[in-house]
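Notes to accompany the following structure.
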Amino acid sequence: MLDIQKIRDALTSSIMPEPRNDIKGRLAAVLIMVYGARPMIIMTERPNTMNHHAGEISFPGGTWKQDDKDLLDTAIRETKEELGIEISRHDVIGQLKPVATLNSGFTITPFTIFLDDTPSLVPNSEIASILRIPLLDLLKTIENDSDPTHKSIHEMYTFKFQNHLIWGASARMLRQILAKLSAAGLV
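Offset between the sequence shown (1-based) and the numbering used here: plus 441.
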């Protein structure tokens with residue numbers, strides 16, 4: 442039987458949301474929201490009209506602004522703007538390692554949260570569709586494509602959900618989750 446508490450424990454970590462001075466490029470933050478007895482995650486499909494990451498599958502979040510207290514505030518603010526959901530920073534349970542995008546110059550800090558129930562979501566114009574994805578099933582679809590032409594990242598990962606391909610920074614975040622769950626003996 443699946444133990445949700447063990448998954449939650451594996452994804453729980455220290456949270457250090459302050460923007461680091463050593464990071465080059467633009468800063469962004471996302472929320473990896475997990476919910477349900479059979480853990481599901483929420484991802485979004487970006488419209489093809491977006492300036493950055495058009496048509497890609499990503500976690501809700503966005504660009505850090507000077508008015509944000511820290512990167513966790515960025516993730517919460519952007520998630521509320523994109524999906525209309527109120528998140529309390531006290532409910533956030535962990536943080537993954539920052540991930541850099543290859544083309545747009547963002548360094549993205551992912552935060553993890555477990556929600557008690559299925560959230561009601563109202564997407565804004567930055568969201569073409571909302572994907573509710575079974576977490577453990579998704580993690581089983583990993584493909585590793587070592588591409589020697591990429592000098593900054595030695596491994597490229599992809600995950601598949603229905604007819605959607607998850608790649609780039611989002612896939613590297615999922616790879617971190619897979620590593621944490623594997624270390625805990627859960628996958």
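Yeah, the Cβ is synthetic: ideal placement off N, Cα and C, and Gly gets one too.
Rounded C-alpha distance that separates residue i from residue j
{"i": "I473", "j": "N544", "result": "22 Å"}
{"i": "P488", "j": "G466", "result": "24 Å"}
{"i": "W608", "j": "V471", "result": "15 Å"}
{"i": "T504", "j": "I618", "result": "22 Å"}
{"i": "D514", "j": "E584", "result": "33 Å"}
{"i": "T485", "j": "F552", "result": "16 Å"}
{"i": "S587", "j": "D444", "result": "Residue placement at S587 is poorly supported in this model, since its pLDDT is 49, which falls under 50; the coordinates are not used for a value here."}
{"i": "M491", "j": "I574", "result": "23 Å"}
{"i": "L512", "j": "D532", "result": "15 Å"}
{"i": "L606", "j": "Y598", "result": "10 Å"}
{"i": "T559", "j": "Q507", "result": "32 Å"}
{"i": "D557", "j": "A541", "result": "30 Å"}
{"i": "F600", "j": "I483", "result": "14 Å"}
{"i": "A469", "j": "T520", "result": "12 Å"}
{"i": "A612", "j": "L572", "result": "15 Å"}
{"i": "L576", "j": "S529", "result": "22 Å"}
{"i": "S610", "j": "R616", "result": "Checking the sequence, you will find Ala at residue 610 rather than Ser. So the two alpha carbons sit approximately 10 Å from each other."}
{"i": "M457", "j": "I517", "result": "15 Å"}
Buried or exposed by the 16-neighbour rule on C-beta atoms within 10 Å, applied to residue i
{"i": "M481", "result": "buried"}
{"i": "D509", "result": "buried"}
{"i": "M614", "result": "buried"}
{"i": "G496", "result": "exposed"}
{"i": "S561", "result": "exposed"}
{"i": "R479", "result": "exposed"}
{"i": "Q536", "result": "buried"}
{"i": "V563", "result": "exposed"}
{"i": "G502", "result": "buried"}
{"i": "S499", "result": "buried"}
Opening and closing residue of the beta strand (DSSP E) in which residue i lies
{"i": "R467", "result": "R467 to Y476"}
{"i": "G502", "result": "G502 to T504"}
{"i": "T485", "result": "M481 to E486"}
{"i": "G535", "result": "V533 to Q536"}
Residue i - partner residues in DSSP beta bridges
{"i": "R573", "result": "I483"}
{"i": "I549", "result": "A469 and V540"}
{"i": "L556", "result": "Y476"}
{"i": "I607", "result": "F600"}
{"i": "I456", "result": "Note: I456 sits in no beta bridge, so no partner."}
{"i": "I498", "result": "E486"}
{"i": "E584", "result": "T599"}
Element boundaries [alpha helix (DSSP H), containing residue i]
{"i": "K601", "result": "No alpha helix (DSSP H) contains K601, which is instead part of the beta strand (DSSP E) from M597 to F602."}
{"i": "I528", "result": "From DSSP, I528 is part of no alpha helix (DSSP H); its letter is neither H nor E."}
{"i": "A451", "result": "I445 to L452"}
Chain C contact for residue i (CB, 8 Å cutoff)
{"i": "T548", "result": "Absent here is chain C; the protein component of the structure consists of one chain."}
Check whether the stretch 560-574 touches the stretch 509-529, taking contact to mean three or more Cβ pairs, one atom from each stretch, closer than 8 Å. Yes, the stretch 560-574 touches the stretch 509-529.
Check whether the stretch 546-556 touches the stretch 573-584, counting contact only when three or more Cβ pairs, one atom from each stretch, lie closer than 8 Å. Touching, no.
Do the stretch 608-624 and the stretch 446-456 touch if we need at least three Cβ pairs shorter than 8 Å? With a cut-off of 8 Å, the stretch 446-456 and the stretch 608-624 count as touching, because enough Cβ pairs lie within range.
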